[in-house]
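Peer 1:
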Ligand SMILES: Nc1ncnc2c1ncn2[C@@H]1O[C@H](COP(=O)(O)OP(=O)(O)O)[C@@H](O)[C@H]1O
Ligand SMILES: [Mg+2]
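Residue numbers (the working numbering): 17 to 435.
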């Protein structure tokens with residue numbers, strides 16, 4: 017619970033409001049908010065309580081709870097939060113705080129709960145995400161969904177200007193239009209289709225670990241401009257690094273072999289750790305095995321570029337040149353749409369699971385520990401096998417088996433894959 021949960025005002029709200037709250041019971045206690053991001057963060061007017069600071073202390077979809085005896089202060093603070101990427105879900109409320117020596121008298125304690133709906137603070141620019149993604153309340157069904165939409169011209173122009181400051185404005189504008197009118201709608205349309213394929217072809221136990229598309233909005237040409245998905249909420253008990261790696265490899269195996277989908281952007285930012293296990297999101301660059309990309313000229317050009325310029329591909333290039341990747345099947349996947357690209361990236365990523373700040377409290381990772389060293393050794397075997405032409409570990413399934421062996425060596429047992 018929050019560091020200041022022992023404050024008497026906070027305690028009042030905890031005892032009288034949150035104690036029976038289903039969401040609080042599920043997410044309120046599982047984390048260690050002193051060190052990182054929390055699902056619930058409490059503050060009184062004695063604590064730091066500006067929304068800019070709180071933004072990085074509250075997990076996406078988590079709640080900031082402000083408590084004070086002054087209704088005015090609560091009102092003013094609530095307004096600040098509403099303009100800073102948070103949503104006030106219910107009106108400002110109050111509970112009664114019994115006075116210690118005069119229990120028949122009481123003071124009013126005012127509070128609000130504000131949920132963090134945005135991934136980045138309004139007005140910020142980031143390279144971690146491309147689309148405009150936020151949580152949206154689906155009141156009819158009493159839940160939250162993730163809304164992913166094609167960004168506005170202005171948003172894309174700002175990003176392009178930052179990346180290529182020397183480009184003339186009308187070139188930037190033209191390029192931005194190409195993204196917002198053509199490229200992003202095309203990829204979002206493809207993503208909605210891939211999510212459908214996943215739901216149709218993944219075995220049941222994996223379906224909840226990738227998003228399900230629940231709603232789309234299309235433009236007049238039939239391209240998707242807005243897509244809503246169920247929210248794979250981070251949370252639950254922390255996983256050991258090895259469990260995280262095994263669950264990710266197991267899910268990748270199902271995505272590759274059962275759904276025949278290649279993700280192509282398996283960055284840690286596109287992974288979640290939910291109470292149901294590790295999940296993958298962002299199938300925006302995914303392709304189906306055997307799909308003929310070349311038959312659509314725009315798509316062929318775009319994938320050509322993606323395969324040259326994406327972070328994964330640049331990393332693969334560098335590591336191949338520097339000799340850190342010698343496995344032939346991975347080297348020959350350079351610049352191609354291939355399952356080996358996913359396997360390569362996964363094998364690299366599970367060595368630094370905390371690169372996604374949202375996963376810090378959800379994956380136990382200690383660099384230099386026996387487990388971390390064993391996983392690193394495995395990654396080395398995957399990337400630079402003794403016989404690069406005939407590597408023993410090629411597919412996601414092979415990675416999964418190898419991880420099971422690591423687990424057996426370290427702990428004498430394989431952790432259960434279901435949580
Ligand atoms: N269905 C979902 N459930 C949970 N988190 C999601 C979901 N979709 C997206 N996210 C979160 O939003 C971020 C951005 O969404 P993503 O689909 O990856 O867009 P982009 O293509 O801009 O990277 C993801 O990194 C992830 O943290
Ligand atoms: Mg993403």
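Idealized CB from N, CA, C, for every residue including glycine.
(1) Counting along the chain, where does the alpha helix (DSSP H) carrying residue 400 start and finish?
(2) Please determine whether the Cβ atom of residue 147 lies at a distance below 7 angstroms from any heavy atom of ligand 1.
(3) Apart from the five residues on each side of it in sequence, which residues of its chain come closer than 6 angstroms, Cβ to Cβ, to residue 80?
(4) Residue 47 to residue 76, Cα distance in whole Å?
(5) To the nearest angstrom, how far is the alpha carbon of residue 254 from that of residue 377?
(6) Under a Cβ-count criterion, where at least 16 other Cβ atoms within 10 Å of its own Cβ denotes burial, should residue 387 be classed as buried or exposed?
(7) Can you tell me which of 54, 209, 59 puts its alpha carbon nearest to the alpha carbon of residue 375?
(8) Under 6 angstroms Cβ to Cβ from residue 413, same chain only, skipping five residues before and after it: list those, please.
(9) I believe residue 290 touches residue 320 by the beta-carbon criterion, under 8 angstroms. Please report the beta-carbon distance rounded to the nearest angstrom.
(10) Can we count residue 286 as close to ligand 2, meaning its CB is less than 7 angstroms from some heavy atom?
(11) Pull up the DSSP beta-bridge partners for residue 60, would you.
(12) According to DSSP, is residue 76 part of a helix, a strand, or is it coil?
(13) Whole angstroms are fine: how far does the CA of residue 393 sit from the CA of residue 406?
(14) Indicate the three-state DSSP secondary structure (helix, strand or coil) for residue 256 in the structure shown.
(15) Cβ of residue 298 versus every heavy atom of ligand 2: is any distance shorter than 7 angstroms?
(16) Following the continuous alpha helix (DSSP H) through residue 295, name the residue where it begins and the one where it ends.
(17) Touching or not, the segment 278–286 and the segment 96–112, by the rule of three or more beta carbon pairs under 8 angstroms?
(18) Report buried or exposed for residue 146, applying the criterion of at least 16 other Cβ atoms within 10 angstroms of its Cβ.
(19) Checking 8 angstroms against the spacing of the C-beta atoms, do residue 192 and residue 172 come in under that value?
(20) Using a Cβ distance threshold of 8 angstroms, determine whether the segment 126–140 contacts the segment 87–104, with at least three qualifying pairs required.
(21) Would the beta-carbon of residue 164 be found less than 7 angstroms away from any heavy atom of ligand 1?
(22) Are there 16 or more other CB atoms within 10 angstroms of the CB of residue 355, so buried, or fewer, so exposed?
(23) Taking the CB atoms as reference points, tell me whether residue 169 and residue 196 lie closer together than 8 angstroms.
(24) Is it true that the CB of residue 227 sits closer than 8 angstroms to the CB of residue 202?
Peer 2: Per the coordinate set shown:
(1) It is not in any alpha helix (DSSP H) - residue 400 carries neither H nor E in the DSSP assignment.
(2) yes
(3) 57, 70, 74, 130
(4) Model confidence at residue 47 stands at a pLDDT of 48, short of 50, so the residue's coordinates are unreliable and nothing is read from them.
(5) 7 angstroms
(6) buried
(7) 54
(8) 269
(9) Contact flag wrong, Cβ pair sits at about 35 angstroms.
(10) yes
(11) 83
(12) strand
(13) 18 angstroms
(14) strand
(15) yes
(16) Residue 295 -> not in any alpha helix (DSSP H); beta strand (DSSP E) instead, spanning 293–296.
(17) no
(18) buried
(19) yes
(20) yes
(21) yes
(22) buried
(23) yes
(24) no
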